[in-house]
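Novice: These protein sequence lines map, in sequence, to chains A and B.
For our numbering, count along the first sequence from 1 and bump the result up by 103.
For our numbering, count along the second sequence from 1 and bump the result up by 103.
We put the CB at the ideal spot given by N, CA and C, even for glycine.
Pasting a structure here, questions to come.
Number of protein chains: 2
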Amino acid sequence: MAKGLAEQRRQEMIAALRAGGHRLTPQRLAVVEILAESANHPSVEQVFKRVQRDFPTTSLATIYKTMSLLKQMGQVLELGFAHWGSRYDGKKPYPHPHVICTRCGAIVDPESPGMQELAQQMAGKSGFRISHHRLDFFGLCPRCQGR
Amino acid sequence: MAKGLAEQRRQEMIAALRAGGHRLTPQRLAVVEILAESANHPSVEQVFKRVQRDFPTTSLATIYKTMSLLKQMGQVLELGFAHWGSRYDGKKPYPHPHVICTRCGAIVDPESPGMQELAQQMAGKSGFRISHHRLDFFGLCPRCQGR
DNA sequence: TATCATAGGATAATCGTTTTCCATAGCAGT
DNA sequence: ACTGCTATGGAAAACGATTATCCTATGATA
């Protein structure tokens, strides 16, 4: 929403790239800018097409590589789905709830009340008609914590 | 846990197949039995290997088809992941929280306190060391609700 | 500006899943 | 039980998103 937020995120991502010793190529800067600005959780394909507007020779592989790089630096959040492609969040690269339309694929961020809300309550807030949901926690099980 | 629960789920799945006008083939019955009994959220590959013990000529496609059928009848819950294969829950085929080990792939069902718990709290209960989590709601957005 | 490792581009490879096509076998109805 | 219709199983090809490969080009430093 706020213009300054996108700019701030852009700077943060660029700083992270610099700090990691990565090169600031035009393609990377383009991806960063798109991720910092888009509130619609874009797909790789969508980012690809937008980058192509400025750099027509860009390869899809470059987008994937850049996404992967930003992700492992914690600068983008990947929303991976099993049957459709992944979606990316560069504005809030930390875990937070999402409401997803199974028909058009729209993804919105409900204002997170602290995560201790019920599914039904979230449905009301977003105006979505919730059919089902998914709540996953990732980490190491007791057996695996011993390295 | 209880022996009777698996048997009950098996009966329910068979009844659902009958009600849907689907044939009770040996392969389907084998898949149903495995899903009703396994508490470890098996993958397609795991189900496949177990069915093969009884029916060596079984095809992987058959398992996929059967899983898909049971899923669309609401008799199994699919836990789809973007980068690894899907996992299936035939014991509790309705949305509920899962705790997943990112190292060994173990999946356990924490006793669901009503879903209004924080990630940190769930970590304590399961003994897992949570690194990140995922909370998704699926449904129709306002624009799509108008068919 | 010269150097050199890193990054980009094009394409092939990967992998879980789906589709295709035909032979087989459930499951009525006789 | 027997027959016949149609859904289902089996084998392999197709699929689609993502990843790897390989070579050239280009940032970043001195």
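Should glutamine 219(B) go down as buried or exposed, given a rule of 16 or more other Cβ atoms within 10 Å for buried?
Specialist: Note on glutamine 219(B): pLDDT 41, under 50, position unreliable in the model; no value is reported.
Novice: Does any residue of chain A have a CB that is nearer than 8 Å to the CB of aspartate 239(B)?
Specialist: yes
Novice: Does the beta-carbon distance from methionine 170(B) to glycine 123(B) come in below 8 Å?
Specialist: no
Novice: Should glycine 183(B) be flagged as near chain A, meaning a C-beta pair shorter than 8 Å?
Specialist: yes
Novice: Name the residues in the segment 194-212 of chain B whose C-beta lies less than 7 Å from a C-beta of chain A; which are they?
Specialist: Pro198, Pro200, His201, Val202, Ile203, Cys204, Thr205, Arg206, Cys207 and Ala209
Novice: Report yes if the CB atom of glycine 183(B) is closer than 8 Å to the CB atom of phenylalanine 184(A), and no otherwise.
Specialist: Going by C-beta atoms, glycine 183(B) is nearer than 8 Å to phenylalanine 184(A).
Novice: Check whether chain B comes within 8 Å of glutamine 175(A), counting only Cβ atoms and requiring the distance to be less than that.
Specialist: No, its Cβ sits nowhere closer than 8 Å to a Cβ of chain B.
Novice: So, for arginine 113(B): in the same chain, excluding its five sequence neighbours on each side, which residues have a beta-carbon less than 7 Å away from its beta-carbon?
Specialist: Val135, Glu136 and Ala139
Novice: Are the beta-carbon atoms of tyrosine 197(B) and glutamate 181(B) separated by less than 8 Å?
Specialist: Glutamate 181(B) sits away from tyrosine 197(B), with the two beta carbons spaced by 8 Å or more.
Novice: Please list the partners that serine 189(A) has in chain B, where partner means a Cβ-to-Cβ separation under 7 Å.
Specialist: Ala185
Novice: From alanine 118(B) to phenylalanine 151(A), what distance separates their C-alpha atoms?
Specialist: 48 Å
Novice: List, from N- to C-terminal side, the alpha helix (DSSP H) runs of 4 residues or more that fit wholly inside the segment 107-159 of chain A.
Specialist: 129-140 and 147-157
Novice: On the three-state DSSP scale, how would you describe methionine 218(B)?
Specialist: Because methionine 218(B) carries a pLDDT of 48, less than 50, the predicted location of this residue cannot be relied on, and no value is offered for it.
Novice: So that I know if they touch, is there some Cβ in chain A lying closer than 8 Å to that of phenylalanine 158(B)?
Specialist: Cβ-Cβ to chain A under 8 Å: no for phenylalanine 158(B).
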